[in-house]
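Enquirer: Going by my numbering, the first residue of the sequence shown is number 258, and it counts up by one from there.
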Amino acid sequence: MQTQLADFIKNTTEGREADEILRKCVHCGFCTATCPTYQLLGDELDGPRGRIYLIKQLLEGQAVSAKTQLHLDRCLTCRACETTCPSGVQYSRLADIGRQLVEQRVARPASTRLVRWALRELVPRTGLFGAAMCAGRMVRGVLPQKLKDKVPEARPAGNWPTPRHVRRMIVLAGCVQPSMAPSINAAAARVLDAVGISLYEVGGAGCCGAVRFHLHDVEGARGEARRNIDAWWPAIAAGEVEAIVMTASGCGTQVKDYAHLLADDPAYARKAERIVSLMRDISEVVAAEAERLRAALTGGSSGAASHAPEGHLPAVAFHAPCTLQHGLGIRGVVESLLDACGHRLVPVRDAHLCCGSAGTYSILQPELSERLRERKVDGLTVAEPQVIATANIGCLTHLQAGTALPVRHWIELVDQRLSATRGV
Numbered sequence: 258m259q260t261q262l263a264d265f266i267k268n269t270t271e272g273r274e275a276d277e278i279l280r281k282c283v284h285c286g287f288c289t290a291t292c293p294t295y296q297l298l299g300d301e302l303d304g305p306r307g308r309i310y311l312i313k314q315l316l317e318g319q320a321v322s323a324k325t326q327l328h329l330d331r332c333l334t335c336r337a338c339e340t341t342c343p344s345g346v347q348y349s350r351l352a353d354i355g356r357q358l359v360e361q362r363v364a365r366p367a368s369t370r371l372v373r374w375a376l377r378e379l380v381p382r383t384g385l386f387g388a389a390m391c392a393g394r395m396v397r398g399v400l401p402q403k404l405k406d407k408v409p410e411a412r413p414a415g416n417w418p419t420p421r422h423v424r425r426m427i428v429l430a431g432c433v434q435p436s437m438a439p440s441i442n443a444a445a446a447r448v449l450d451a452v453g454i455s456l457y458e459v460g461g462a463g464c465c466g467a468v469r470f471h472l473h474d475v476e477g478a479r480g481e482a483r484r485n486i487d488a489w490w491p492a493i494a495a496g497e498v499e500a501i502v503m504t505a506s507g508c509g510t511q512v513k514d515y516a517h518l519l520a521d522d523p524a525y526a527r528k529a530e531r532i533v534s535l536m537r538d539i540s541e542v543v544a545a546e547a548e549r550l551r552a553a554l555t556g557g558s559s560g561a562a563s564h565a566p567e568g569h570l571p572a573v574a575f576h577a578p579c580t581l582q583h584g585l586g587i588r589g590v591v592e593s594l595l596d597a598c599g600h601r602l603v604p605v606r607d608a609h610l611c612c613g614s615a616g617t618y619s620i621l622q623p624e625l626s627e628r629l630r631e632r633k634v635d636g637l638t639v640a641e642p643q644v645i646a647t648a649n650i651g652c653l654t655h656l657q658a659g660t661a662l663p664v665r666h667w668i669e670l671v672d673q674r675l676s677a678t679r680g681v
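1. For the alpha helix (DSSP H) that contains Arg424, what are its first and last residues?
2. Have a look at Pro418 and Leu316 and give me their C-alpha separation to the nearest angstrom.
3. Just the C-alpha distance for Glu641 and Phe386, rounded to the nearest angstrom, thanks.
4. What residue range is occupied by the uninterrupted alpha helix (DSSP H) comprising Met437?
5. Please state the DSSP three-state secondary structure of Arg370.
6. Taking 6 Å as the limit between beta carbons, can you name the residues of its chain near Pro305, skipping five residues before and five after?
7. Could you name each continuous beta strand (DSSP E) segment of 3 residues or more that falls completely within the stretch 492-526, going from the start of the chain to the end?
8. Confirm, please, whether the CB-CB distance from Val664 to Leu670 is below 8 Å.
9. Using the Cα positions of Ala572 and Ile645, report the straight-line distance between them to the nearest angstrom.
10. Indicate the three-state DSSP secondary structure (helix, strand or coil) for Thr334 in the structure shown.
11. Suppose contacts are defined by Cβ-Cβ distances below 8 Å. Is Gly463 in contact with Leu585 by that definition?
12. When the Cα atoms are used, what is the spatial distance from Ile278 to Leu400?
13. Given Met503, which residues of its chain have a CB within under 6 Å of its CB, disregarding the five upstream and five downstream residues?
14. Check Ile645 in the structure and name its three-state DSSP category.
15. Please classify Leu298: does DSSP put it in a helix, a strand, or coil?
16. Within this structure, are the beta carbons of Ala443 and Gly415 separated by less than 8 Å?
17. DSSP on His666, reduced to helix/strand/coil?
18. Would you report the Cα separation of Glu301 and Arg606, rounded to the nearest angstrom?
Set out below in structure tokens:
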């Protein structure tokens, strides 16, 4: 795609990056086949190719309007189009650049600005969000259904093993997961403890920065990235940890971009690159210890995983979050681990499509989000599973609001299987 960038953007870092991305696009339209919003709305401007044209026009100096903003707002940034694109177009980076520019040029209504400000200031603050979640649970029984859906019932975390192994890894607590589902990181700690790895959280690390970044507060996102790096760095510099583990694939995708986000920061660029090299999704860590996991499941025997309780294990439909399969490029790993634990994995229709959660999208675009969730739940339940598993707290909460089936993080299912093996 040929471009003639306007003077205001031509010689900037963003302009050079956008120009390179645009020139890779060959207008083939393969991306529209996997775009959730195009599938729903059938409008070219609500698909990647149409949005690319809108951003191109913006970068070439043409006027933008609220209509441009609307079509860019409707994008989930699920990155399914990147997985499909034969030319390697980094659409999500282009969309980030375009959205930032549109945000500067098109004023939003005061009510919309207030909602977005509240999300930026509440969600990333772990303590404040936790207090709000606690208050919500106290009055959950009288809340309207839409609000009740955002306040999941508390599940006890269970014990967190005392660090006792030579091998150690840090896990990100995140911003919403500690109060919404503390059971996830605790389950991850127990599973890794069973394979000889101690997992622990570091005080001072919090939100990965994704919420602020996708609400156009790039400097705020950079600040949160720096804070996390500062919290993790002493243990990294001392050689005490071998990985930074993510149990929410959405956080993993954001942390994976720290090197890009801080590329122009001389104090943090190299540290950010080091963090990216150490970052691992929990599925990658567990998969690398498959033999030890198998031994833990069999009580140390050398045979295949014990199938004594297999008939009692629920059939599982796995929802691969967009951040896992498209953002991190991890596919099939979790399914293999659940299979190794004795679960029967059922087929999922349109497994590549987004569930509609997408961070704050479910709040800012509720109608589209609910329609996407309905389609996703239909695809997940077509083979009548007994439980739905996923790998991201946002997807988990969003899907649970659309089905009576239990929705769990997959690491919790592995933890339950290990507990059953031990007779706990």
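Backbone N, C-alpha and C fix where the C-beta goes; we use that ideal spot for every residue, glycine too.
Expert: Walking through what the data contain:
1. First-last for Arg424: Arg424 to Val428, but that is the beta strand (DSSP E), not the alpha helix (DSSP H).
2. Straight-line measurement puts the Cα of Leu316 at about 53 Å from the Cα of Pro418.
3. If you take the alpha carbons of Glu641 and Phe386, they lie about 35 Å apart.
4. Element bounds for Met437: Gln434 to Met437.
5. Here Arg370 sits in helix by DSSP.
6. In its chain, beyond the 5 residues on either side, Cys288, Cys292, Cys338 and Tyr348 have a beta carbon closer than 6 Å to the beta carbon of Pro305.
7. Runs of the beta strand (DSSP E) inside the stretch 492-526: 501-503.
8. No, the Cβ-Cβ distance between Leu670 and Val664 is not below 8 Å.
9. Approximately 9 Å, taken between the alpha carbons.
10. DSSP places Thr334 in coil when its eight states are reduced to three.
11. Contact check for Gly463 against Leu585 fails: the beta carbons are separated by 8 Å or more.
12. One C-alpha to the other measures close to 46 Å.
13. Closer than 6 Å at Cβ, skipping near neighbours: Leu429, Gly509 and Asp538.
14. Of the three classes helix, strand and coil, the one that applies to Ile645 here is strand, per DSSP.
15. For Leu298, the three-state secondary structure derived from DSSP is helix.
16. Contact flag set, yes.
17. Under the three-state reduction of DSSP, His666 is assigned to strand.
18. The alpha-carbon atoms of Glu301 and Arg606 are separated by roughly 24 Å.
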